[in-house]
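Below: one structure, written as C-alpha cells.
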Amino acid sequence: MDTLRTRSASLLTLALSLFVLWTAAFGAQSSLVQRSLFLALVILVALLKFPLFKDSRLRPLGMLIDTVLGIAAAGSCLWVTVNADRIMNSLPTAGPLEIALTAVLVITVLDLSRRAIGLIFPTIVLIGLAYAAFGQYIPGSLGHRGFDIYFMTEVLLLGDIGIWGTLLGVASTIIAVFVLFGAFLLHSGGGAAFMDMAVRVSGRSVGGAAKIATVASGLFGMVSGSAVGNVATTGAFTIPLMKRLGYPAALAGAVEAVASTGGQLAPPIMGAAAFIMAEIIGSNYLTIAAAAVLPAFLFYFGVFATVHITAQQEHLGHVPEDQIPRWSAILTIDRLAPIVLSLGGLTLGILRGNSLPTAAFYGIIGAIVGMLVSGLAVQIRGGKKASRDTPAASPLAKAMITQIRAALDEGATGLIIVGILLAGAQILVAMINMTGVGVTLSSMIVGDGSASLLWISLIVAIVCMILGMGIPTTAAYVLVAATLAPALMEAGVSAITAHMFVFYYATLSVITPPVCVGVFVAAGLAGEKWGLVAKRAVMLGAVTYVIPFLFLLYPSMLTPGLETGYFEAALSGMVFVAAFAYLFGGARVTPWRAVDTLCWLSVAILATIPTWVGLVAATAGLAILIRLRRAPPQAMVTAEAT
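Whatever position you read off the sequence shown (first residue = 1), add 9 for our numbering.
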C-alpha cells in the first residue's frame, strides 16, 4: 500500500506542478476555477504526503479516513469549480449541501495543517471561527452580534472573500510558480554552486565556517519559501562543518537558525510574503521587493559582523585550505549556466512587462536550458561531472529527466504546505474581516490617540512575536497584517512601513523563545539543548529586533532612490548595526564590561537620532571605538592576561 501511495503522490505532484506551469505560461483561469482546482490538487497531495496514523497500527483506519476526506474535500472544491459562474453572478444562499461542503473543506484544511506543522496554527483558526459564531456571548468591546452557520457558509464558500479569497489566489498563481522556480534553480545545480561560492568567499576569513552558513543560507533563503526548510537544507552541511572546526554546538546551531531566518526577509521572494503584501496594500510587487533591500542588507551585515567579532573573541578558525574550492572549479559553464539562464529568464520576463507568474515560468525554462548546457559542457570535457546533482554515469537525457522530476516533486511538496496554510489563513482572515476584530484591536492599542508611536509600536512588536510563534513565516505575516498593521496605520504610519514592521516581528518568532521552530531544527542538527542555541540565536540576531524601529525613525529606508533621506537612513542603519554587532559580539574597549556596553549602546542610540548631527557623532564615535579596540590600552591587555 505504501508503494501505491507513493506512486499516487508522485502522479498528483506532477499534475499539480503542470497545472501551475500551464497557468503561468498561458494565463490563470477565472478566480474561483483557478483557486478551487489548485486547492483540490493540494489537498489530495497533502493527504498522501502526510498520511493519518502513519507507522501506527491504526494505519488502516487512517487510510479509510484519508480516503473519505480526499473524496469529500476534492468533491467540494470541484463543486465550486463547476458552479463558479453561478456563485459569482447570482450570489446564492447557503443550504444544507453548502454547509456540508464548507464543513468538509474547513475540517480537511485544518487537519492537514495540523499534520504538516502542528497544533498551534489550526487552533488559532478554530478560535477565529468560534469567535465569529459566539461573539454575542463575549462582554466588552471585543464582543459582537455573532453570525449563524448559514451566513458563515456564504462568506466562506459562496464567494471570493472566504476560502477562495486573495491569499489562496496569490498562492495558486504567483507563489506557486515561484516555489517551483526555486526548486528548479536548486535542482539544476544552482544549490551546489551557491554553497561552493559561499565557501570560497568566506572560508578563509576568521570565523569562516559561520560566514559560510550566513552567505549560503542567505542565498538559499532568497529563493526558498521556508526558514525551517532552509535550516534543514543548508544546516545539514554548515553545522557539522562548524563543529568539526571547533565551534561550540550552540553557536553553530544559532548561526544557521539566524541566517536562515534572514532569508525570509530578503528579496525577491521573502518567504512568499512579498507577493501577499503587495496584494494586501494594493502596491506593486517590485515596490515591496525594493523596499526590503536595505533592511535585508542591514540584517545580513549585522549577522556577518557579529559572527566576525564573535570569532575573533572566541578564537574560532577558518576553513582548511583543502576544503575550499578554487574559483576555476566554480566559475565554469556547467556550474554557472543554470544560475545565469534561470535568473536571466526571470529578468527577461520582468523587463518584457510580462506578469510575474509568466516571468517565473521563463526562469524555469531558463533553468531547464541551463541543465542541458551544463550536461553538454560536462560531456564535452569527457563526461567528468562537475555538478553534484547529476549522476556521472547517466546519459544526458535521463539525467535531465531525473533533475526535472525531482524539482517538480520538491516544488509541489513545498506548494502543499503553502497552499494548505494560506487556505487556513484565508479562513481566519475572513473571520477577522467579518467580525471587525482587527479594527477593534487597533482601536484598543491606539486608544484615544494620546499614546506615543513608540509605545504603540512596542505593543505591536510584542504581540506580533507572540502570534507568530510556531507558525510559518507566510501564515504568521497574514495573521499580524490583518490584526496589528491597522493599529500602526491608524497611528499615522504608512501602509508599507506598517506591514514591513509587523512582517519582521512575525518572522523573528522563528528564533524567539519559547516556540522557536528554526532553533529547534538547528539544535537537533547540532546535537545541543535548544535553550542554549536559542540564547546564542537571540544574541546573534539582536540587531534585527531593533531594525524595524528604524523604519519608523527613517521612513526613507523603505523608499530607495537617489535622495538624501535614503542615504541618511542607510548610513544610520549601518552605524547602528555595527555598534550592535560589536556589543553582542563581545568586543572589548576597556577592562570593564559595563563601560564597553555603555560605549557601544551610546553609539547605537546616537545613530537612531534622525539628524545629521547625531549621525555624524555616532559615526565618529564608532570609528574611535573601533580604533581603540584595534589598539587596546595596556590596562586592558593586563586585565585580559590575568
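C-beta atoms are modelled at their ideal positions from N, C-alpha and C, and glycine is treated no differently. Computed from a prediction, not measured in an experiment: that's the story for all the values here.
Worksheet item: How about the stretch 319-329 and the stretch 568-576: do they share at least three Cβ pairs that are nearer than 8 Å?
Response: no
Worksheet item: Below 8 Å between beta carbons: does that hold for residue 378 and residue 343?
Response: Here residue 378 is taken as the residue at index 369 of the sequence shown, counted from 1. Here residue 343 is taken as the residue at index 334 of the sequence shown, counted from 1. Result no, Cβ atoms of residue 378 and residue 343 do not sit closer than 8 Å.
Worksheet entry | Contact belief for residue 118 with residue 433 at Cβ below 8 Å, rounded distance in angstroms | Position 109 of the sequence shown, counting from 1, holds the residue named residue 118. Position 424 of the sequence shown, counting from 1, holds the residue named residue 433. Right, the Cβ-Cβ distance comes to about 5 Å (below 8 Å), so this counts as a contact.
Discussion item. One question on the structure: do residue 469 and residue 499 come within less than 8 Å of each other, judged by their Cβ atoms?
Written reply: Looking up residue 469 in the sequence shown gives position 460. Looking up residue 499 in the sequence shown gives position 490. Result no, Cβ atoms of residue 469 and residue 499 do not sit closer than 8 Å.
Worksheet item: Quick one: what's got a C-beta closer than 7 Å to residue 649's C-beta in the same chain, skipping five residues either side?
Response: Position 640 of the sequence shown, counted from the start, is the residue given in the question as residue 649. With a pLDDT of only 40 at residue 649, under 50, the local geometry of the prediction cannot be trusted, and the value read off the model is given with reservation. Cβ within range, chain order: n/a, list empty.
Worksheet item: Is the shortest distance between the beta-carbon of residue 91 and the beta-carbons of chain C less than 8 Å?
Response: This model lacks chain C altogether, as it is built from one protein chain only.
Worksheet item: Ends of the alpha helix (DSSP H) at residue 583?
Response: As a working note, residue 583 is residue 574 in the sequence shown. That run of the alpha helix (DSSP H) goes 573-593.
Item to complete: Pull up the CB-CB distance for residue 416 and residue 112, whole angstroms please, since I reckon it's below 8 Å.
Response: Stepping through the sequence shown from its first residue, residue 416 is reached at position 407. Stepping through the sequence shown from its first residue, residue 112 is reached at position 103. Incorrect: roughly 36 Å between the Cβ atoms, too far for contact.
Discussion item. Whole angstroms are fine: how far does the CA of residue 491 sit from the CA of residue 145?
Written reply: Position 136 of the sequence shown, counted from the first residue, corresponds to residue 145. Position 482 of the sequence shown, counted from the first residue, corresponds to residue 491. Rounded to the nearest angstrom, the two C-alpha atoms are 22 Å apart.
Worksheet item: Quick one, which of 53, 316, 286 has its alpha-carbon nearest residue 180's?
Response: The residue you call residue 180 lines up with position 171 of the sequence shown. The candidate whose alpha carbon is nearest that of residue 180 is 286.
Practice prompt. Could you give the DSSP three-state label for residue 548: helix, strand or coil?
Written response: In the sequence shown, the residue the question calls residue 548 occupies position 539. Here residue 548 sits in helix by DSSP.
Worksheet item: What number of angstroms, rounded off, separates the C-alpha of residue 520 from the C-alpha of residue 65?
Response: Looking up residue 520 in the sequence shown gives position 511. Looking up residue 65 in the sequence shown gives position 56. Cα to Cα, residue 520 sits roughly 32 Å from residue 65.
Fill in: Whole-angstrom distance between residue 231 and residue 538, CA atom to CA atom
Here residue 538 corresponds to residue number 529 of the sequence shown, with the count starting at 1. Here residue 231 corresponds to residue number 222 of the sequence shown, with the count starting at 1. Spanning the two alpha carbons is a distance of roughly 28 Å.
Discussion item. So within the stretch 197-274, which uninterrupted alpha helix (DSSP H) runs reach at least 4 residues, ignoring any that extend past its ends?
Written reply: 200-211, 217-232, 236-253, 258-271
Item to complete: Helix, strand or coil for residue 332, going by three-state DSSP, please let me know.
Response: For this step, residue 332 is matched to residue 323 along the sequence shown. Of the three classes helix, strand and coil, the one that applies to residue 332 here is helix, per DSSP.
Worksheet entry | 8 Å contact criterion, which residue 421 and residue 25 should meet: CB distance rounded | Here residue 421 refers to the residue found at position 412 when the sequence shown is read from its first residue. Here residue 25 refers to the residue found at position 16 when the sequence shown is read from its first residue. Between residue 25 and residue 421 the Cβ distance is about 5 Å, and since that is below 8 Å, they are a contact.
Discussion item. For residue 494 and residue 448, I'd like the C-alpha separation in whole angstroms.
Written reply: To locate residue 494, count along the sequence shown from 1; it is residue 485. To locate residue 448, count along the sequence shown from 1; it is residue 439. Spanning the two alpha carbons is a distance of roughly 10 Å.
Discussion item. Quick check on this structure: which residue in 497, 525, 436, 522 has the alpha carbon closest to the alpha carbon of residue 510?
Written reply: Along the sequence shown, one-based indexing puts residue 510 at 501. Of the candidates 497, 525, 436, 522, the one whose C-alpha sits nearest the C-alpha of residue 510 is 497.
Worksheet item: Cα-Cα, which of 138, 431, 53 is closest to residue 183?
Response: Counting from 1 along the sequence shown, the entry for residue 183 is found at position 174. Nearest option by C-alpha distance: 431.
Worksheet item: Quick one, which of 59, 534, 16, 467 has its alpha-carbon nearest residue 246's?
Response: Taking the first residue of the sequence shown as position 1, residue 246 is located at position 237. With distances taken between Cα atoms, residue 246 lies closest to 534.
Item to complete: Indicate the three-state DSSP secondary structure (helix, strand or coil) for residue 102 in the structure shown.
Response: Position 93 of the sequence shown, counting from 1, holds the residue named residue 102. Of the three classes helix, strand and coil, the one that applies to residue 102 here is coil, per DSSP.
Practice prompt. Mark residue 205 as exposed unless 16 or more other C-beta atoms lie within 10 angstroms of its C-beta, in which case mark it buried.
Written response: One-based indexing of the sequence shown puts residue 205 at position 196. It counts as buried.
Worksheet item: Hey, out of 209, 219, 252, whose CA is closest to residue 337's CA?
Response: Residue 337 sits at position 328 when you count from the first residue of the sequence shown. Of 209, 219, 252, the residue nearest in Cα terms is 209.
Worksheet item: What span of residues does the alpha helix (DSSP H) with residue 444 cover, start to end?
Response: By one-based count along the sequence shown, residue 444 stands at place 435. Its alpha helix (DSSP H) spans residues 405-444.
Item to complete: Under the assumption that residue 355 contacts residue 369 (Cβ atoms under 8 Å), give the Cβ distance between them as a whole number of angstroms.
Response: Within the sequence shown, residue 355 is the residue found at index 346, counting from 1. Within the sequence shown, residue 369 is the residue found at index 360, counting from 1. Indeed, because the Cβ distance is near 6 Å, the residues count as touching under 8 Å.
Practice prompt. For residue 537, name the three-state secondary structure that DSSP assigns.
Written response: Position 528 of the sequence shown, counted from the start, is the residue given in the question as residue 537. Three-state result, residue 537: coil.
Discussion item. Considering Cα atoms alone, identify which of 122, 444, 636, 196 is closest to residue 164.
Written reply: For the purposes of this step, residue 164 is taken as residue 155 along the sequence shown, with counting starting at 1. Checking every option, the nearest Cα to that of residue 164 belongs to 444.
Worksheet item: Cβ atoms of residue 298 and residue 283: under 8 Å apart, would you say?
Response: Taking the sequence shown and counting its residues from 1, the one referred to as residue 283 is at position 274. Taking the sequence shown and counting its residues from 1, the one referred to as residue 298 is at position 289. Taking 8 Å as the Cβ cut-off, residue 283 and residue 298 qualify as a contacting pair.
Worksheet item: DSSP state of residue 337, grouped into three classes?
Response: The residue you call residue 337 lines up with position 328 of the sequence shown. The answer is helix: DSSP assigns residue 337 an H, G or I state.
Practice prompt. Pull up the CB-CB distance for residue 312 and residue 267, whole angstroms please, since I reckon it's below 8 Å.
Written response: Position 303 of the sequence shown holds residue 312. Position 258 of the sequence shown holds residue 267. Contact flag correct, Cβ pair sits at about 6 Å.
Discussion item. Let me confirm a value: residue 58 is counted as buried when at least 16 other C-beta atoms fall within 10 Å, else exposed. Which label applies?
Written reply: Taking the sequence shown and counting its residues from 1, the one referred to as residue 58 is at position 49. So residue 58 ends up on the buried side.
Discussion item. Measuring only the C-alpha atoms, how far is residue 512 from residue 428?
Written reply: Position 503 of the sequence shown, counted from the start, is the residue given in the question as residue 512. Position 419 of the sequence shown, counted from the start, is the residue given in the question as residue 428. Rounded to the nearest angstrom, the two C-alpha atoms are 19 Å apart.
Worksheet item: Run through DSSP, which three-state label would residue 623 get?
Response: Working through the sequence shown from its first residue, we reach residue 623 at position 614. Here residue 623 sits in helix by DSSP.
Item to complete: Could you tell me whether the Cβ atoms of residue 225 and residue 256 are closer together than 8 Å?
Response: Residue numbering aside, residue 225 sits at position 216 when the sequence shown is read from its first letter. Residue numbering aside, residue 256 sits at position 247 when the sequence shown is read from its first letter. Not in contact: residue 225 and residue 256 (Cβ atoms no closer than 8 Å).
Item to complete: Would you kindly work out how many angstroms separate the C-alpha atoms of residue 646 and residue 577, rounded to a whole number?
Response: One-based indexing of the sequence shown puts residue 646 at position 637. One-based indexing of the sequence shown puts residue 577 at position 568. Only weak support exists for where residue 646 lies, its pLDDT of 40 falling under 50; the value from the coordinates is given anyway. Looking at the two C-alpha atoms, the distance is approximately 37 Å.
Practice prompt. Evaluate the contact criterion for the stretch 30-48 versus the stretch 74-81: three or more CB pairs, one atom per stretch, below 8 Å.
Written response: no
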